[in-house]
Amino acid sequence: MSFRTSHLILLSLIVGLLLAGCAPTASPSGSTEKATAGEITVYTALEDDQISKYLPLFNQKHPNIKVNIVRDSTGIVTAKLLAEKANPQADVVWGLAATSLLVADKQGMLTPYAPEGVDKIRADFKDSQNPPHWVGIDTWFSAFCVNTKELAAKKVPMPTSWDDLLKPEYKGLIVMPNPNSSGTGYLSVSAILQLKDEAEGWKYLDKLNDNMAVYTHSGSKPCKMAGAGETVIGISFDYRAVQQKADGQPIEAVFPKEGSGWETEANALVKKAKINPAARTFLDWAISADAMKAYAKSYPITAMDTGVAIPTGYPADPLKQLIKNDLVKAAAERERILQEWMKRYDAKSEPKS
Amino acid sequence: MTIAYPLARLRRIGRATASEERLQQGLIGLTVLWLLIGIVLPLAPLVSRSLSDADGRFVGAANFVRYFRTPGLAWSFGNSLVVAAITTVLAVTLAFGYAYALTRTAMPGKGFFRAVAMLPLYAPSLAIGIGLVYLFGKKGLVTTGFLGLGERLLGTPVGWDIHLYGAVGIILGELLYCFPQALVILVVAGSLTDARLYEASHALRASALRTLWTVTLPSLRYGLVSAFFVCFTLAFTDFGVAKVVGGNFNVLATDIYKQVVGQQNFTMGATISLLLLTPTAIAFILDRLVQRKQPATLTTRSVPFQPKPARRADVVGTLYCSLIAAAILIVIGTVFYAAVVNVWPYNLRLTLRHFDFRAVGGGGAVAFWNTVRMSLYTAIVGVIVTFGSAYLIDKTRGLRSLTGASYFLSMIPVALPGLVIGLAYIFFFNPRHWHVGGLAVPNPFNFLYGTMAILVLANIIHFYTVSFMTATTALKQLDAEFEAVAASLRVPFYRTFWRVTVPLCLPAILEITMYYFINAMVTVSAVIFLYPPSLRVASVAIVNMDDAGDTAAAAAMSALLILTSVGVRLLYEVAARQLSRRTQRWRMRDA
Amino acid sequence: MTATTPYLQIRNISKYFSKTAALDDVSLEVREGEFVFLLGPSGCGKTTLLRIIAGLEEPTAGQVIQARVDVTKLPPSRRDFGIVFQSYALFPNLTAAQNIAYGLENRRLPRAQVQARVGEMLQLVGLTGYEARYPAQLSGGQQQRVALARALAISPSLLLLDEPLSALDARVRARLRLEVAALQRRLGVTTIMVTHDQEEALTMADRVVVMNRGRIVQVGSPREVYRAPSTPFVADFVGLMNFLPGVMAAGRVAQVRCGGALLQVPAEYVRGHPAPFLAPGSEVMVAIRPEDVRILHNGFDVTNVVDTKVHEVEFLGAFHRLHLRLSQPTGCSLDLTTYLDPGGQAKPLHKGEELSVHLPVHALRVYPAQS
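Residue numbers (this note's numbering), protein chains in the order written: chain A, 4 to 356; chain B, 1151 to 1741; chain C, 33 to 403.
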């Protein structure tokens, strides 16, 4: 095949795909058709151990709907979602960072849908349009997982703030997630850049990079590495730190003094030529009281008041720990910040970022 | 004189068998077709992708230029080459010694050493990485002096930190991964030496070193070249080990993965794929050029070599093999140990809780059973297709161009890395329409995408060449005149195939089946881009678990895969022995 | 079909492998029931010709007509023949009986009929009682007979044998020669056998086709081929032959170059219109079979006597083979082989002894000198 024909083939391929994507999007906006049986594909960035607690609740209620879970880190799910724009594979997005959903929405990939009970969701946890394009379920925020045994062995003090992490004694002892693949990574970088101004923020990240052992693929891995002693300090997120401590690992959950970056996990209906009614059934369940109670056992901040007590290990007033975070701004700048970050630090990244 | 051969008789015979000829020719046509669809056609969109930008515009070599100008990426190419080169030299050298001990000394326990050396073949390369993490990682057994046990016993810290993450870890892991592959080749080559050459050398009072130089090495020359090629290709393209212990040390295989899965950048993925393909293709061509010159080292008059006991050589051989076998057993054993330790390294109580995969990613037990099913299908469909193709290529009379083309196509897959196959399959099978010269052609194979069938196809192609060569070698050992005799008896070829060819080749057929099964069980690279969410597989689950930091669960899944593969192999050995007792009676000389 | 129409006609067959000719314009006719041998050294094209007759190779040019049907383009499965290969190609995983039944089972014959035919064939080749043996459990001669029975079981009109005896040891081979020939005559099946063993061809054949370098050089009865070889090649390949270089002199006389003896040659060479190579002054080869050389013990009142010296005496059990040397007067020498004393009763000769031998006129053949 000559270069020229291959070029033509490819060009027409892309054009064809785009056309296919734009073709019949017949499903009337606002349709509320449901189903009690079927098979749906759900993209999610929820933790595996969370899914294993949440999903059985749905299966009990809708035993005839088969749910195929595609779970990966936030950045991966986002990239996959965007890459499949012309021919979406997912029916539903469940528990993906709102900033990612904002990007997808901007590309016209979401179908507005108001799930049953959406009125009970706090206003700042859902899209302001009606019907909303996305609906949040909970909030997670950055936390350090510090291995107390290794800390003692290395005879270094417990870090309590972002600034502490720059101290030379932590050199090579810190692991954090790569923001390109990990939502947790991104909210931490975003938090630094918002806490300080942007120029100062990058300077801070440059210095942090000097202390960094490796950037991991997922947001939970730094914490798990800390739990196994493979690193001393893992920059991760609240649930992971609290969970592993509760599991008996020598982990201390540290919530940095300056405050934590945070992000809302949200659900959305993917725009497809033919929307599977079971997808709506799933979205309804995903903000039902049952589901919310389950979320509340993982996270102290949920999109709906559930009456579930704040799980042990969290700050008494978790809202105070959160920095002021502009989700829309974070979404708009996501691409630029990630590019910049990659240019500066990617060489240190663990495979797959 | 009576007219015993009227025309009518010949005509009647003719009508009965004409369709059979067409059938065979049709089948060889199908063989070419499936090889084209499985191998060649999917490579076309891969190449065109690498020469286009994200919107499909032709950009020539721009992607390659960009690759080499991106510092984080460009290093990987050199990294991959260096790591693969070092691994290859080490693996072939170590395997040479091991093969020498197995074929040229009379050391005891050869069966044991042979079996242990093969163990890594039954493990995903990720598992080897995981074993290394638990041995040499920050909290590894060796690094911490057996978790402080050494210090308690000896009163002084005895840990040894080899700085696993990076080149050291990758080379160690690839070494274990490649070692058995090199060993298999060298042992076969080693057992093909004519004993008379050694007798001659001995009679001429040549020193041991001179015998090594003039008899052993020349007879192993072709085996060595093949071993170098196989090891280089494996080490250069493997992704499992680098994924687990690579740390900040990027290599091409992990780069492709990063680009495709991490950033969904298929264009760059295609570009790096071609970079991954180039050295393996060159190595492949060199290997074929060398192998073409190979004379038959074993004539019918050759005498098989029977090593005689030689105290010093046997002791050295035993020690050497014990060391390597111990290294292999320790790494694999560590995987099993890590799988049952409660919280490494803080709570060493034994538990089976890591085998409950519900709280970790990857699809858990379902993924495991999917893998077993996939491997089973790969084995069954694979052996039928492979043996059938090899048979048609070897036995079809005439149609030289088609059989020649099929043979050539059958050689290609050995040079194709699994990641490249996976990516090429996405480009080829995923679109609903192919666009050829501005025309939208409905993709007749689109229905395969996201099914078990495409996973099976990818696996068959990935492991095709070795299976094909096994089948061809077995077929070539049969009397070339069987088909001529059958034709003269007017028995259709498929009947002879079934009644004679298949029974005679049964050992090879079973070996191919096994080869497909084991490799499909442990492969990750060919399926990682292709598996649909409804069909997750165990090896990919290990990747996901490792990504999420659930290393213990990853170790548990690895252990499960190893146990299954080894178990199936053992069952196979028992069954094959039973079967051969019943079906291979004709091999016995006595009535 | 009349008796004069040959059963098999090979018309101008050529076969090229890349550029070399394996067969070069070969034509041959075989009558029904005939036992024809293709004889020649390895690489002469005899096996290629057999494979073309079977349809296992396609000729580059020419035609094969079998029973008046042009079968040139037909695949083997659509022709009518049975074949036995040098390797026998017995199916090793089938018993002798199963091998013989192989071609019968495909014809939807009742099982009993197949059994009966197999029994008949086993009896024919003298292997009754061996039906349950696998090929590996049979001797070479037994395997060969099973292969023959398998080929004959389907009653082919043409039997092709590709060096079927050459893998056997000498004693078995000699016995099987007779058996196969007798079997062929009994069944009357047209048979073509390829061999490089001239003794085999001479003892078994109705007609021998001698081939060399892709061409047929002589066709004739064993006697014709042996007694009147048409070329030095045939003379040398079939049996042993002495060649003495010489020059045609006037009349019926050739002068042997070495030793200067004058030899009278048979009248047929000079009667009528002799071939150009017999013109006086032409260089020729005078040939004589060893067994035709007569040793003269006393009185040589005959023509064609040459003086020789014993060069070597080879003891061969039943007789001696003498290597004689014509050497007069200069250093040039010529070997002449003859047999001495069947039964070994005469007094032994020794190296260096002088001996006069008689070369009978009727036993001499003359060929043009080879370039």
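All C-beta atoms, glycine included, are put in the ideal place defined by N, C-alpha and C.
Quick check on DSSP: helix, strand or coil for residue i?
i	result
residue 273 (chain C)	coil
residue 229 (chain C)	coil
residue 278 (chain A)	coil
residue 41 (chain C)	strand
residue 120 (chain C)	coil
residue 345 (chain A)	helix
residue 391 (chain C)	coil
residue 262 (chain C)	coil
residue 1208 (chain B)	strand
residue 300 (chain C)	helix
residue 1106 (chain B)	Since the first residue shown for chain B is 1151 and the last is 1741, residue 1106 (chain B) is missing from the structure and cannot be characterised.
Would you say residue i touches the ligand HEM, meaning its beta carbon is less than 7 Å from a heavy atom?
i	result
residue 156 (chain A)	No copy of the ligand HEM appears in this structure; indeed no ligand is present at all.
For the beta strand (DSSP E) that contains residue i, what are its first and last residues?
i	result
residue 1727 (chain B)	That residue, residue 1727 (chain B), is in no beta strand (DSSP E); its alpha helix (DSSP H) goes 1701-1733.
residue 285 (chain C)	285-288
residue 67 (chain C)	67-71
residue 356 (chain C)	352-358
residue 243 (chain C)	239-244
If I follow the unbroken alpha helix (DSSP H) through residue i, where does it start and stop?
i	result
residue 1583 (chain B)	Here residue 1583 (chain B) belongs to no alpha helix (DSSP H); instead the beta strand (DSSP E) covers 1583-1586.
residue 1612 (chain B)	1602-1612
residue 1519 (chain B)	1514-1545
residue 1363 (chain B)	Per DSSP, residue 1363 (chain B) belongs to no alpha helix (DSSP H) and is neither H nor E.
Could you work out which residues of chain C lie near residue i, taking near to mean beta carbons separated by less than 7 Å?
i	result
residue 1653 (chain B)	125
residue 1631 (chain B)	117, 119 and 121
residue 1645 (chain B)	138
Give me the chain A residues within the contact set of residue i, using Cβ-Cβ distance strictly less than 8 Å, ordered along the chain.
i	result
residue 1508 (chain B)	55
Which chain B residues sit within Cβ distance under 9 Å of residue i?
i	result
residue 252 (chain A)	1493, 1496 and 1497
residue 171 (chain C)	Simply none; closest approach about 11 Å.
Using a C-beta to C-beta distance shorter than 9 Å, which residues of chain C count as neighbours of residue i?
i	result
residue 1129 (chain B)	Because chain B is modelled from 1151 through 1741, residue 1129 (chain B) falls outside the range shown and cannot be assessed.
residue 1171 (chain B)	107, 109 and 110
Please list the partners that residue i has in chain A, where partner means a Cβ-to-Cβ separation under 9 Å.
i	result
residue 1521 (chain B)	The contacting residues do not exist; residue 1521 (chain B) stays about 17 Å from chain A at best.
Going along chain B, which residues have a C-beta under 7 Å from residue i?
i	result
residue 135 (chain C)	1639, 1640 and 1641
residue 349 (chain A)	1222
residue 220 (chain A)	1697
Find the residues of chain B that neighbour residue i, judging by a C-beta separation of less than 8 Å, and give them in chain order.
i	result
residue 86 (chain C)	1634 and 1638
residue 183 (chain A)	1412 and 1413
residue 114 (chain C)	1638 and 1639
residue 186 (chain C)	1639 and 1640
At 7 Å on the CB atoms, spell out the chain A contacts of residue i, in chain order.
i	result
residue 1340 (chain B)	Near residue 1340 (chain B) there are no residues of chain A at all, since even the closest Cβ is about 37 Å away, more than 7 Å.
Inset, instruction - Pull out every residue of the stretch 1675-1695 of chain B whose Cβ sits closer than 7 Å to any Cβ of chain A, in chain order. - result: 1683 and 1684
Legend entry - Interface positions of the stretch 197-217 of chain A facing chain B (Cβ-Cβ less than 7 Å), listed along the chain: 217
Legend entry - Within the stretch 184-223 of chain C, ranges of the beta strand (DSSP E) (whole runs, at least 3 residues): 190-194
Legend entry - Residues of the stretch 1410-1436 of chain B with Cβ closer than 7 Å to any Cβ of chain A, in chain order: 1411, 1412, 1413 and 1414
Legend entry - Start-end ranges of the beta strand (DSSP E) lying completely within the stretch 155-233 of chain A, minimum 3 residues: 177-180 and 215-219
Inset, instruction - Could you pull out every unbroken beta strand (DSSP E) segment of at least 3 residues lying fully inside the stretch 113-154 of chain A, listed in chain order? - result: 138-150
Legend entry - Whole beta strand (DSSP E) elements within the stretch 55-108 of chain C, 3-residue minimum: 67-71 and 93-98
Inset, instruction - Using a Cβ-Cβ cut-off of less than 7 Å, give me the residues of the stretch 1533-1558 of chain B that come near chain C, in sequence order. - result: none
Legend entry - Residues within the stretch 35-52 of chain A neighbouring chain B, beta-carbon criterion of under 7 Å: 44, 51 and 52
Inset, instruction - Please name the residues in the stretch 1300-1331 of chain B whose beta-carbon is closer than 9 Å to at least one beta-carbon of chain A, in chain order. - result: 1315
Legend entry - Interfacial residues, the stretch 71-84 of chain A to chain B, with Cβ spacing under 8 Å: 71, 72, 73, 74, 75, 76, 78, 79, 82 and 83
Legend entry - Residues of the stretch 1279-1302 of chain B with Cβ closer than 7 Å to any Cβ of chain A, in chain order: 1287, 1288 and 1289
Inset, instruction - Could you list the residues in the stretch 299-325 of chain A with a C-beta less than 7 Å from some C-beta on chain B, going in chain order? - result: none
Inset, instruction - For the stretch 1698-1709 of chain B, enumerate the residues whose C-beta is nearer than 7 Å to any C-beta of chain A, in chain order. - result: 1698, 1699, 1700 and 1701
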